[in-house]
Amino acid sequence: MPEPLDAALTEIRALLLDPALTRAVAAGRRRGRRPTVARAELRPVTLKAGPRMQITTSDGARPYTRNIASGPEAAAAVDELLAEPFGNWHVETSAATLQLRVTKSGEAQVHRAATARPAVTPGGNDRTKEYLLDPGDPIFAEIGGSAAKRRQVDAFLRALAATLPDELTGPLRVVDLGCGNAYLTFAAYRYLTSRELDVHLVGVDVREDQRRRNSELAQRLGWADRISFVAGTIADAVVEPAPDLVLALHACDTATDEALARAVRWEARWVLAAPCCHHDLAKQLRAHPAPAPYELLTRQGILRERFADVLTDALRAGLLRVHGYRTEVVEFVDSQHTPRNLLIRARRTGTGATEPQRAEYRELVDQWRVTPRLETLLAAAEESAS
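Under this note's numbering, the first residue of the sequence shown carries the number 732, and numbering increases by one thereafter.
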């Protein structure tokens, strides 16, 4: 139920000045108004001079951090931020979490909850689910925060975390090919920067309206200096310099092959691809009979389509291995949430494939008399480069 905004901001002020504060973030903007900074984050820190309130603001170009002593100085800084027309506040203390969203009518929609405590079994095991990106993070106010979306975001981030080495430091260039409305793009950026990585991310989508929408969202979040969007095809969009990490999440049919081919040409260090529909090989399987004794696999239409899904992703993984990648095909998110739940996860090793590995791939495509789109794209790239 909406509440008066002034009363809700007074409550937030008390939490921000409470010694139990652990973290607070303000972002977004109210209808018809724009804050002087795109984002503000507050957290307590302990310096040689003693405890301080650290306030980091971003104007969309660069962050600015200041450490403020408690008392009147901190109160004045908090009042200054509360006067800004932010659209969202997320405040955490050791005892409670408060999320505030300013409605179009200028009222406050507030959610309050006690800080979750780990539920410990008699054996001492923590049964509380730990999310890699806090479900109360203000980013969900922008990208949507349904329970299903939070689960999908967390599943994706866990796959991303398992792909990148723990000791990774320095700059990281990321491209998301076929990013759509980019909610996983923004979630990836939020998570990667929480690991204190210097991230530059480019989202590519064929639709100009998506580029404008996503660029405006990056501006609202204060990340426009680090996240940019390009309108273009996966195969031809200009992305410079070459990325370290390539994402391709739910690119349809052979668009996934185009994304994988670009990743190989870029010699990207890591690739995460969640294929969507698979039509290309299914069509090829209909064109000629299956090799003996596998006719039963493709005689029924639904079985042929499902087998084509498996064959397509198996051949993609095999081709990536041939081109110097260690590749795994894993479950992306539980199948009860989406039937398209496989993730191709690859890490460049730089070592060439062995002859038995090449022969294994070639024998499979020859036996089924198919030509994977990814093979055609990679062959064309090698020919143009020679």
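Beta carbons: idealized from backbone N, C-alpha and C, even for Gly.
Asked: Among ARG957, ASP790, PHE960, LEU1012, whose alpha-carbon lies nearest the alpha-carbon of ASP984?; Found: LEU1012
Asked: If you draw a straight line from the alpha carbon of GLN950 to that of ASP1040, how long is it in whole angstroms?; Found: 39 Å
Asked: Bridge partners of ASP907, per DSSP?; Found: GLY934, LEU978
Asked: For GLU1036, tell me which candidate among GLY1055, CYS1007, ALA1023, LEU1051 has the shortest Cα-Cα distance.; Found: CYS1007
Asked: Using alpha carbons as the reference points, say which of ALA758, GLU838, ASP907, LEU813 lies closest to ASP868.; Found: ALA758
Asked: Using a Cβ-Cβ cutoff of less than 7 Å, which residues in the same chain neighbour PRO974 once the five nearest sequence positions on both sides are dropped?; Found: ARG904, VAL905, VAL906, TRP997, ALA999
Asked: Span of the alpha helix (DSSP H) holding THR924?; Found: 914-925
Asked: Among PRO803, ALA913, VAL1060, ASP940, which has the Cα closest to the Cα of ALA1004?; Found: VAL1060
Asked: Let's test the definition: count the other Cβ atoms within 10 Å of the Cβ of VAL1101 and tell me whether it reaches 16, buried, or not, exposed.; Found: buried
Asked: Using CA atoms only, rank isn't needed, just tell me which of LEU948, ARG770, ALA800, GLY1081 is closest to THR777.; Found: ALA800
Asked: Look at the alpha carbon of PRO816 and the alpha carbon of LEU740, and state the distance between them as a whole number of angstroms.; Found: 11 Å
Asked: Of the residues LEU976, GLY802, ARG881, which one's Cα is nearest the Cα of LEU908?; Found: LEU976
Asked: Which two residues bound the contiguous alpha helix (DSSP H) that contains ILE965?; Found: No alpha helix (DSSP H) contains ILE965, which DSSP labels as neither H nor E.
Asked: In whole angstroms, give me the CA-to-CA distance for VAL809 and ARG926.; Found: 27 Å
Asked: Is LEU1042 buried or exposed, if buried means 16 or more other CB atoms sit within 10 Å of its CB?; Found: buried
Asked: Please state whether DSSP places SER825 in a helix, a strand or coil.; Found: coil
Asked: May I have the straight-line CA-CA distance separating GLN1098 from PRO1022, to the nearest angstrom?; Found: 7 Å
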